[in-house]
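For the sequence shown, my numbering assigns the number 5 to the initial residue and increments by one for each residue that follows.
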Amino acid sequence: PCYVFHPVNAFEEGEKIVLYVSRQPEAFGSSSDDYAEVGRLWRWTIDLASGTVTEEQIDDRPGDFGRVADSVVGLDANYGYLMAMAGEGNSEEPVYGSALWKYDLHTGKCWEHHLGEGVRGGEPVFAADPESNGEDEGWIITIVHSETTGSSKMIIVDAQDFESEPIATIHLPQRVPYGAHGSWIPDTSLL
Numbered sequence: 005p006c007y008v009f010h011p012v013n014a015f016e017e018g019e020k021i022v023l024y025v026s027r028q029p030e031a032f033g034s035s036s037d038d039y040a041e042v043g044r045l046w047r048w049t050i051d052l053a054s055g056t057v058t059e060e061q062i063d064d065r066p067g068d069f070g071r072v073a074d075s076v077v078g079l080d081a082n083y084g085y086l087m088a089m090a091g092e093g094n095s096e097e098p099v100y101g102s103a104l105w106k107y108d109l110h111t112g113k114c115w116e117h118h119l120g121e122g123v124r125g126g127e128p129v130f131a132a133d134p135e136s137n138g139e140d141e142g143w144i145i146t147i148v149h150s151e152t153t154g155s156s157k158m159i160i161v162d163a164q165d166f167e168s169e170p171i172a173t174i175h176l177p178q179r180v181p182y183g184a185h186g187s188w189i190p191d192t193s194l195l
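What follows is the structure, encoded as structure tokens:
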């Protein structure tokens, strides 16, 4: 048994359904505010013909709030983005993380974008480059909060140069919670 708060993606492959999830052993400890465990990236394959399920752990680092580019939701995506769910040094304490991760979902390779000492981030949101078609051609946007200064900012990271410094930083005039979920909606979708 296990628990999944957030699937990263799922798709059909012939007679199989493949899911990428942040899997944790159980949901809550003593209360709904007490996360008992942190999740880790797993691949589940449900074989509809044989009635079996196989699972494979992709990484042992704790992470959650996984996403793929909206254009590949429900398809065999190459890349997924997760938020670290551990304190400094990847401790087992479930906290909003100090890093964002980009995964090659086929090979398990992981790139890390460290947010800075004492900085916690939110869910990575992918914004596609409207002039490109590549799955990772675009930017990752998230709101981060400095536990040291109490300040918040929005950062924009080049998804193809993920480990580099943000290409843009927007300093916010007051603290903004680095909450769980967000979406990027291009202006062309608002017409």
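We put the CB at the ideal spot given by N, CA and C, even for glycine.
As the structure is a prediction and not an experimental result, all values here were calculated from the model.
- Setting aside the 5 residues that flank it on each side, S150 is surrounded in the same chain by G122 and V123, each with a C-beta closer than 7 Å to its C-beta; the list follows chain order.
- Look at L194 here: in three-state DSSP terms it is helix.
- Counting only the Cα atoms, E16 lies some 33 Å from S102.
- P128 is not a Cβ neighbour of Y83, given a cutoff of 8 Å.
- In this chain, the beta strand (DSSP E) harbouring G84 covers Y83 to A88.
- Under the three-state reduction of DSSP output, V76 falls in the helix class.
- Between the region 171-178 and the region 110-120, the count of Cβ pairs shorter than 8 Å is below three; the stretches do not touch.
- Under the DSSP assignment, R179 falls outside any beta strand (DSSP E); it carries neither an H nor an E label.
- Put simply, the backbone Cα of R44 is about 14 Å away from that of R71.
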